[in-house]
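Chains as they are written, first to last, in this note's numbering: chain A, 17 to 312; chain B, 992 to 1062. C-beta atoms are modelled at their ideal positions from N, C-alpha and C, and glycine is treated no differently. Report on the following structure.
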């Protein structure tokens, strides 16, 4: 509903009788439109072509209230217009404004200076990294020794053209094409007890994204002992049964665990895109919650 | 052989164990894999290399998470 559509009933005293009259909201609410997420005053006589001429004459796509439009039509108060030039990447400030409009300024301002450590770039880590990049988390530290194999494509956020590449290199490429304004630090290393401190010391929150349960155990045990920072780990996400069992629980001080704890990957119960993706996004949501709760 | 029992708490539930039990023994009794667990003993995370060297005493509180494969 646009402000201009709202009818407000106003009690008007006319010659000692109280009369109820509809009062159009345009006389009460400010009249604006949005152009590329920026609010500007609406003026009578505005048209799409005029807006395009004024704000982005080189636009080749106009999205009007969510629909691509080719005609020139009048613009009403409350309309939303998005002017796009194919293939053009917004500058840093414009990108910030566009993203801030989608999250809220408080979310963006808190996460844009934070660092998240991601141990493992497989099904969990690749999807988690993408979600955090879309959130504009300022810096991601991603560690994985492995290369992209065809079988990974059943659930990991890589594509055919990246087969044989180091996962951290392929993921960095993908992240840069999604949000070029965050820092992505990668290490093509195997995480062991001795290198956890140097690799992840700068992270505000850690995400355990391994496939191997021994690695999960080593990473979580060492990180809890080394750092006084929250860790979001995963256990039990295989198969395709009810995904409602994939919950996030606080299991120890600073340790959050996602999964059902029992659905082990193995013959007859594989890792599949839906539940792995759900777990990765539960992880992302928990990481976001933890970042937002941090004091500056 | 010392058959005295002591009482500890494992994942919030009371459990009787032999009074010379260490953390490694406890994991065996519970059928858990030493390499796949995270152990918190009296609210401190226990390093893996100390499992067999850490004796359990009356009233100890142990929290154990075991990881399964998949990620």
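Cross-chain neighbours of residue i in chain B, by beta carbon under 7 Å
i             : result
residue 334/A : Nothing about residue 334/A can be reported from this structure: the residues present for chain A run from 17 to 312 only.
residue 139/A : 1062
residue 284/A : Per Cβ cutoff of 7 Å: no residues; residue 284/A is ~13 Å from chain B at best.
residue 287/A : 1061
Nearest to residue i (by Cα), restricted to the options the options
i              : options                           : result
residue 65/A   : 80/A, 56/A, 55/A and 157/A        : 80/A
residue 240/A  : 131/A, 257/A, 212/A and 96/A      : 212/A
residue 88/A   : 62/A, 112/A and 105/A             : 62/A
residue 209/A  : 234/A, 138/A and 185/A            : 234/A
residue 67/A   : 224/A, 194/A and 51/A             : 51/A
residue 1001/B : 1015/B, 1048/B, 1055/B and 1037/B : 1055/B
residue 294/A  : 108/A, 276/A, 48/A and 282/A      : 276/A
residue 169/A  : 137/A, 100/A, 264/A and 147/A     : 137/A
residue 190/A  : 297/A, 205/A, 206/A and 173/A     : 173/A
residue 1060/B : 309/A, 246/A, 259/A and 226/A     : 226/A
residue 201/A  : 83/A, 131/A and 246/A             : 131/A
residue 78/A   : 99/A, 72/A and 60/A               : 99/A
residue 1010/B : 1016/B, 1018/B, 996/B and 1017/B  : 996/B
residue 246/A  : 228/A, 274/A, 303/A and 291/A     : 303/A
residue 150/A  : 127/A, 167/A and 162/A            : 127/A
residue 325/A  : 121/A, 84/A, 53/A and 129/A       : One cannot answer for residue 325/A here, as it falls past the ends of chain A, which runs 17 to 312.
residue 1018/B : 1048/B, 1062/B and 1042/B         : 1042/B
residue 243/A  : 1003/B, 1036/B and 1047/B         : 1036/B
residue 97/A   : 107/A, 104/A, 105/A and 84/A      : 84/A
residue 290/A  : 274/A, 187/A and 171/A            : 171/A
residue 187/A  : 222/A, 215/A, 148/A and 214/A     : 148/A
residue 228/A  : 1028/B, 1008/B and 1047/B         : 1028/B
residue 1034/B : 267/A, 274/A, 86/A and 76/A       : 267/A
residue 297/A  : 205/A, 250/A and 175/A            : 250/A
Within chain B, the residues that residue i reaches when beta carbons sit closer than 9 Å
i             : result
residue 12/A  : No answer is possible for residue 12/A: the residues shown for chain A start at 17 and end at 312.
residue 136/A : 1062
Within chain A, the residues that residue i reaches when beta carbons sit closer than 7 Å
i              : result
residue 1000/B : What residue 1000/B touches in chain A: nothing, since even the nearest Cβ is about 14 Å away.
residue 1028/B : 233
residue 996/B  : In chain order: nothing, as chain A lies at least about 27 Å away.
Separation of residue j from residue i, as counted between CA atoms
i              : j              : result
residue 153/A  : residue 1058/B : 28 Å
residue 270/A  : residue 109/A  : 35 Å
residue 114/A  : residue 207/A  : 36 Å
residue 1005/B : residue 1022/B : 17 Å
residue 217/A  : residue 49/A   : 46 Å
residue 112/A  : residue 260/A  : 34 Å
residue 42/A   : residue 119/A  : Residue placement at residue 42/A cannot be trusted, given a pLDDT of 46 that sits under 50; what the coordinates show is reported in the next sentence. Each residue's Cα considered, the two are about 28 Å apart.
residue 1045/B : residue 230/A  : 21 Å
residue 325/A  : residue 1051/B : One cannot answer for residue 325/A here, as it falls past the ends of chain A, which runs 17 to 312.
residue 1065/B : residue 1024/B : An answer regarding residue 1065/B cannot be provided, because it is not within the stretch 992 to 1062 covered by chain B.
residue 160/A  : residue 194/A  : 20 Å
residue 20/A   : residue 94/A   : For residue 20/A, the predicted model reports a pLDDT of 47, less than 50, meaning its position is unreliable; a value from the coordinates is still stated below. Approximately 7 Å between the Cα atoms of the pair.
residue 39/A   : residue 47/A   : Unreliable placement is indicated for residue 39/A, whose pLDDT of 49 sits below 50; no coordinate value is reported for it.
residue 58/A   : residue 92/A   : 7 Å
residue 1020/B : residue 263/A  : 28 Å
residue 197/A  : residue 998/B  : 56 Å
residue 279/A  : residue 69/A   : 57 Å
residue 74/A   : residue 116/A  : 24 Å
residue 272/A  : residue 158/A  : 19 Å
residue 125/A  : residue 307/A  : 11 Å
residue 1062/B : residue 219/A  : 21 Å
residue 122/A  : residue 155/A  : 18 Å
residue 23/A   : residue 56/A   : For residue 23/A, the predicted model reports a pLDDT of 49, less than 50, meaning its position is unreliable and no value from the coordinates is stated.
residue 248/A  : residue 54/A   : 36 Å
residue 178/A  : residue 165/A  : 9 Å
residue 1030/B : residue 1038/B : 8 Å
residue 133/A  : residue 90/A   : 49 Å
residue 236/A  : residue 135/A  : 10 Å
residue 72/A   : residue 104/A  : 12 Å
Partner residues on chain B for residue i, Cβ-Cβ distance less than 8 Å
i             : result
residue 279/A : 1059 and 1061
residue 273/A : 1056
Chain-ordered neighbours of residue i on chain A, where CB pairs are closer than 8 Å
i              : result
residue 1036/B : 237, 240, 241 and 268
heavy atom of the ligand PLP below 7 Å from residue i C-beta
i              : result
residue 1026/B : Ligands displayed in this structure: none; no statement on the ligand PLP is therefore possible.
Residue i at chain E interface by Cβ criterion, 8 Å
i            : result
residue 47/A : Looking at the structure shown, chain E is missing, and the protein chains on hand are A and B.
**Asked** Listed from N- to C-terminal order along the chain, which residues in the stretch 237-266 of chain A have their beta-carbon within a distance smaller than 7 Å of any beta-carbon of chain B?
**Response** 237, 240, 241, 250, 251, 252, 253 and 254
**Message:** For the stretch 251-258 of chain A against the stretch 280-293 of chain A, do three or more pairs of beta-carbon atoms, one drawn from each stretch, fall closer than 8 Å, so that the two count as touching?
**Reply:** yes
**Asked** Taking one C-beta from the stretch 181-200 of chain A and one from the stretch 135-144 of chain A each time, how about it: are there three or more such pairs within less than 8 Å?
**Response** yes
**Asked** Which of the residues in the stretch 214-229 of chain A, read from start to end, lie with their CB under 9 Å from any CB of chain B?
**Response** 224, 225, 226, 227, 228 and 229
**Message:** Under 7 Å, CB to CB, which of the residues in the stretch 1005-1016 of chain B have a partner in chain A?
**Reply:** Against chain A - using a Cβ distance shorter than 7 Å - the stretch 1005-1016 of chain B contributes no residues.
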